[in-house]
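Accompanying notes for the structure given below.
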Amino acid sequence: MAKLTGIEIYKHLPKTNCGDCNFPTCMAFAMQVAAKKVGLEQCPHVSAEAKAALSEAQAPPMRTVTIGAGDRALKLGGETVLFRHEEKFHHPTVIAVRVRDDLSESELVQRIEKINQLQFVRVGQLIGVNAIALEQAAQDASRFAQAVKLAAEKSPLALILSSADPQALTEALKICAERRPLLCAATKENLKEFATLAKEFKCPLAVHAATLEELAELTQQIRSLGVEDLVLHPEITGLADGLAKLTQLRRLALEKNFRAVGYPVMVSVTGSDPFLETAYVATFVCKYASLVVMDGAERSQLLPILTARQNIFTDPQVPNAVEAKLYKVGEPTPQSPVLVTTNFALTYFTVEGEVENSRVPSYIAVVDTGGLGVLNAYADDKLTAEAIVKAVKSYGVMEQVAHKKLVIPGLVAVLKGEIEDLGGWEVLVGPEEAAGIPAYLKNEWKT
Amino acid sequence: MPVAIPDVKKTWPNAINVVTLGATKEEGGTRTVKVTVGGATALPFHHFEDKMPYPPAIAMEVWDVAPQDWPDALAEHFQDVWHDPGLWAKKCVEQYGADLICLRLAGCDPVRQNRGPHEAAQAVKRVLESVGVPLIVWGTGNDDKDNEIFPAVAEAASGENCLLGTITEDNYKTLVALCTAYKHKVIAESPCDVNIAKQVNILATDMGFKPEDIVIYPTSAALGYGLEYVYSVMERARLAALRGDKMLSQPMICDIGIEVWGVKEAKASERELPEWGAQKERGPLWEATTAYVYLLAGADILILRHPKAVASVREVIKQLMGDGLT
Numbered sequence: 165m166a167k168l169t170g171i172e173i174y175k176h177l178p179k180t181n182c183g184d185c186n187f188p189t190c191m192a193f194a195m196q197v198a199a200k201k202v203g204l205e206q207c208p209h210v211s212a213e214a215k216a217a218l219s220e221a222q223a224p225p226m227r228t229v230t231i232g233a234g235d236r237a238l239k240l241g242g243e244t245v246l247f248r249h250e251e252k253f254h255h256p257t258v259i260a261v262r263v264r265d266d267l268s269e270s271e272l273v274q275r276i277e278k279i280n281q282l283q284f285v286r287v288g289q290l291i292g293v294n295a296i297a298l299e300q301a302a303q304d305a306s307r308f309a310q311a312v313k314l315a316a317e318k319s320p321l322a323l324i325l326s327s328a329d330p331q332a333l334t335e336a337l338k339i340c341a342e343r344r345p346l347l348c349a350a351t352k353e354n355l356k357e358f359a360t361l362a363k364e365f366k367c368p369l370a371v372h373a374a375t376l377e378e379l380a381e382l383t384q385q386i387r388s389l390g391v392e393d394l395v396l397h398p399e400i401t402g403l404a405d406g407l408a409k410l411t412q413l414r415r416l417a418l419e420k421n422f423r424a425v426g427y428p429v430m431v432s433v434t435g436s437d438p439f440l441e442t443a444y445v446a447t448f449v450c451k452y453a454s455l456v457v458m459d460g461a462e463r464s465q466l467l468p469i470l471t472a473r474q475n476i477f478t479d480p481q482v483p484n485a486v487e488a489k490l491y492k493v494g495e496p497t498p499q500s501p502v503l504v505t506t507n508f509a510l511t512y513f514t515v516e517g518e519v520e521n522s523r524v525p526s527y528i529a530v531v532d533t534g535g536l537g538v539l540n541a542y543a544d545d546k547l548t549a550e551a552i553v554k555a556v557k558s559y560g561v562m563e564q565v566a567h568k569k570l571v572i573p574g575l576v577a578v579l580k581g582e583i584e585d586l587g588g589w590e591v592l593v594g595p596e597e598a599a600g601i602p603a604y605l606k607n608e609w610k611t
Numbered sequence: 359m360p361v362a363i364p365d366v367k368k369t370w371p372n373a374i375n376v377v378t379l380g381a382t383k384e385e386g387g388t389r390t391v392k393v394t395v396g397g398a399t400a401l402p403f404h405h406f407e408d409k410m411p412y413p414p415a416i417a418m419e420v421w422d423v424a425p426q427d428w429p430d431a432l433a434e435h436f437q438d439v440w441h442d443p444g445l446w447a448k449k450c451v452e453q454y455g456a457d458l459i460c461l462r463l464a465g466c467d468p469v470r471q472n473r474g475p476h477e478a479a480q481a482v483k484r485v486l487e488s489v490g491v492p493l494i495v496w497g498t499g500n501d502d503k504d505n506e507i508f509p510a511v512a513e514a515a516s517g518e519n520c521l522l523g524t525i526t527e528d529n530y531k532t533l534v535a536l537c538t539a540y541k542h543k544v545i546a547e548s549p550c551d552v553n554i555a556k557q558v559n560i561l562a563t564d565m566g567f568k569p570e571d572i573v574i575y576p577t578s579a580a581l582g583y584g585l586e587y588v589y590s591v592m593e594r595a596r597l598a599a600l601r602g603d604k605m606l607s608q609p610m611i612c613d614i615g616i617e618v619w620g621v622k623e624a625k626a627s628e629r630e631l632p633e634w635g636a637q638k639e640r641g642p643l644w645e646a647t648t649a650y651v652y653l654l655a656g657a658d659i660l661i662l663r664h665p666k667a668v669a670s671v672r673e674v675i676k677q678l679m680g681d682g683l684t
């Protein structure tokens, strides 16, 4: 949120010191508004022009634009920092996969369904492709509309309509406008027609230009036509050029409060080589795209891309921890193993995933290590024999099993003796890496 | 009406140190090429702002003993040569275009073969006589063992201007002294913590070691396994360096292959996890993607394993340096 000083606000007040706002002077009131203690509306005499000017100045430096509708609505933009460690990145880059309308109907259906399946669960979160970008490749407007119709029917994902033909877009919008698709893209040649469409169908509009100057010029013109929900679509000629343009756009919006580019940014990449395409997508996930459109739809390619996005958009201010308690995987019985791990989310979910893979119903006793992984927690004296024994005792889990065996992480094998002395159980040393758990539980674990 | 765009370029008061590895015959070594990294006066690949005179370099990982636990996806490329670190290094340089070789003395690790200083030095010599590129030698991570083998290693590579590592907050004196005596550069390791990264550098320089002879290893994490922590630590270190912190102005090295090829997303076969797609692509792509992300945070040297990851990261560096078009 751009901050206004008391003086800047004072300039827009009536300067009568009438006291109707319950503050003795206009200046005192302005200071309170600047500190966000009271709202501007508490002054009954402030003019409409002043209100407009101040709300404009107080608007966030980058607009948040919604594409898609209902529970599938996606927020783009609204970012507040250049580097994630300064606060956090707010809205994960929307990953859209391109579908061209020059495919046969069965190919279209096949591709749309393949894209729908690009969803994975990682560390307890569902991560997936968010949108389908329909691209007009054929000349025929009805063909584009047909592809859009299929996508709208077959996919719950958000839609991006990519065409240079206003007629084709109109046909498509008649089918799916209530899904709030992103129209892609207004250029200096078609600006008026595209703005009219965006307004008529109440859809967000991407704006494409070769240079940042041209982009700024176009957004101003489009805003003057009454369209506010814009997504910047700069032309990029390579990785270096894209990084330069997106960095400058982010800095212009946040550091210069330059309104003409205060919008989320999208990048469109094409990929014959999945490695290079992944490099483009990963680069623009890290460096400032709110939406990336790509060609690749292979699971082996989307998993690393979506994981990179999940990592980069993790809130660095929130300790990545799960609740320290007793977890059950499957339906454990008195013969089931009891495994100890830490409450670092990544550690816990990795262990949980591997226990699930083993198909051996188990108890997982999670020790509160303040969100540290096994080695760090051990080094920091958070994963000690005392802490493990205390946690396991408080969960009462050893009373729920018929054996007296506790499996500890292989990395803290040194704690075995001490835990045995303190807890009175038999301590088994599990694998060092979570990946070894299935083999361990299947081959080595015995009650 | 053209719109005037405000200038957003920043001027940074400090540059990243320039570090050159390898020494030619004239310089008292036997290297046929040298590798220089660092020197940037702007954030990574921000060419619109200022210079990045040297591209990041790729080191390929070679072991002193044949690995037992490398998955088939890796083994198929190296098992014909990995009985001999010299042949292995040669393949990496000649066939896959490695800029550097990182010899990891895994066989000296007490949990593996617990090899001694003599065998470690033999492996170093074997690699040096087999390839002309500069050498990185990475120890076992076991403090006592490293202090036992590095005297022989540093001597065997005397005059070659290698990069040896790692030193840590708790174990730096032996290796720093050796690098001073035999004119090598050192890798300073810290556990994903900017303050400790700085502290290790201060400890080494307090011994009279030149800050320009240090490369920072901020630890590495595989994609999906804490990558974001390392990414932000690297960004913070690089920003601090450009703003003037001399004790963080060193180039950074990322040890990627060893991290990535330990995680399931790279290792697991399709038979195990069909929903994750083809392993042939997934494994090297997991490694390459980890590298793509660290490049943006300021990686100057990347240690990689899979030839496909190496080829792609090389191409991506070229494009990030501005030499390529889509």
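Which chain is which? The protein sequence lines are X and A, in order.
In terms of this note's numbering, the first sequence opens at residue 165 and continues consecutively.
In terms of this note's numbering, the second sequence opens at residue 359 and continues consecutively.
Idealized CB from N, CA, C, for every residue including glycine.
For chain X, find out if any of its Cβ atoms is closer than 8 Å to the Cβ of residue i; answer yes or no.
i: A/Val393; result: no
i: A/Phe406; result: yes
i: A/Lys409; result: no
i: A/Met679; result: yes
i: A/Ile327; result: No information on residue 327 of chain A is available, as it lies outside the stretch 359 to 684 that chain A covers here.
i: A/Ser578; result: no
i: A/Glu639; result: yes
i: A/Leu683; result: Residue confidence for A/Leu683 is low, a pLDDT of 41 falling below 50, so the modelled location carries little weight; the figure read from the coordinates is stated next. Yes, because at least one Cβ of chain X sits closer than 8 Å to the Cβ of A/Leu683.
i: A/Lys636; result: Reading off the sequence shown, one finds Ala at residue 636 of chain A, where the question assumed Lys. Chain X contact via Cβ: present.
i: A/Tyr650; result: yes
Using a C-beta to C-beta distance shorter than 9 Å, which residues of chain A count as neighbours of residue i?
i: X/Arg262; result: Correct list: empty, because the minimum Cβ distance to chain A is about 15 Å.
i: X/Ala541; result: Those do not exist, as X/Ala541 stays about 13 Å from chain A at its closest Cβ, beyond 9 Å.
i: X/Thr471; result: Leu581, Gly582, Leu585, Glu623, Trp644, Thr647
Given this structure, state the Cα-to-Cα distance separating residue i from residue j, to the nearest angstrom.
i: X/Pro496; j: X/Lys489; result: 16 Å
i: X/Arg343; j: A/Ile560; result: 58 Å
i: A/Cys450; j: A/Gly444; result: 10 Å
i: A/His405; j: X/Met191; result: 46 Å
i: A/Ala481; j: A/Ala510; result: 11 Å
i: X/His254; j: X/Pro480; result: 11 Å
Give the interface partners of residue i over in chain A, defined as CB-CB distance under 8 Å, in chain order.
i: X/Ala597; result: The amino acid occupying residue 597 of chain X in the given sequence is Glu; Ala does not appear at that position. In chain order: Gly620.
i: X/Thr334; result: Within chain A, no residue comes near X/Thr334; the closest Cβ sits about 30 Å away, beyond 8 Å.
Are residue i and residue j closer than 8 Å when you measure CB to CB?
i: X/Lys606; j: X/Val593; result: no
i: X/Pro368; j: X/Leu346; result: yes
i: A/Met410; j: A/Ala398; result: yes
i: X/Leu407; j: X/Val429; result: no
i: X/Ile601; j: X/Val515; result: yes
i: X/Ala198; j: X/Leu177; result: no
i: A/Lys543; j: A/Val377; result: yes
i: A/Asn529; j: A/Asp571; result: no
How would you call residue i, buried or exposed, if buried means at least 16 neighbouring beta carbons within 10 angstroms?
i: A/Pro609; result: buried
i: X/Gln412; result: buried
i: X/His209; result: exposed
i: X/Ala549; result: buried
i: X/Met458; result: buried
i: X/Pro468; result: buried
i: A/Ser548; result: buried
i: X/Ala322; result: buried
i: X/Thr257; result: buried
i: A/Arg663; result: buried
i: X/Thr442; result: buried
i: A/Lys556; result: buried
Flag residue i as yes if its beta-carbon sits less than 8 Å from any beta-carbon of chain A, otherwise no.
i: X/Ile686; result: As displayed, chain X neither begins before 165 nor continues past 611, which places residue 686 of chain X out of reach and without an answer.
i: X/Cys450; result: yes
i: X/Met165; result: Low local confidence applies: a pLDDT of 42 at X/Met165 is under 50, so the model's placement there is unreliable, with the coordinate-based value given in what follows. Not one chain A Cβ lies under 8 Å of X/Met165.
i: X/Leu455; result: no
i: X/Ala374; result: no
Please compile the residues from chain X whose C-beta is within a distance smaller than 8 Å of the C-beta of residue i.
i: A/Glu586; result: Arg248, Asn475, Ile476, Thr478, Pro480
For residue i, go through chain X and note every residue whose CB falls closer than 9 Å to its CB, in chain order.
i: A/Arg594; result: Phe247, His249
Compare the C-beta of residue i with all C-beta atoms of chain B and state if any pair is closer than 8 Å.
i: A/Val674; result: The structure shown contains no chain B; its protein chains are X and A.
Chain X partners of residue i, CB-CB under 7 Å?
i: A/Val366; result: Gln412, Arg415, Leu416, Glu419, Lys420
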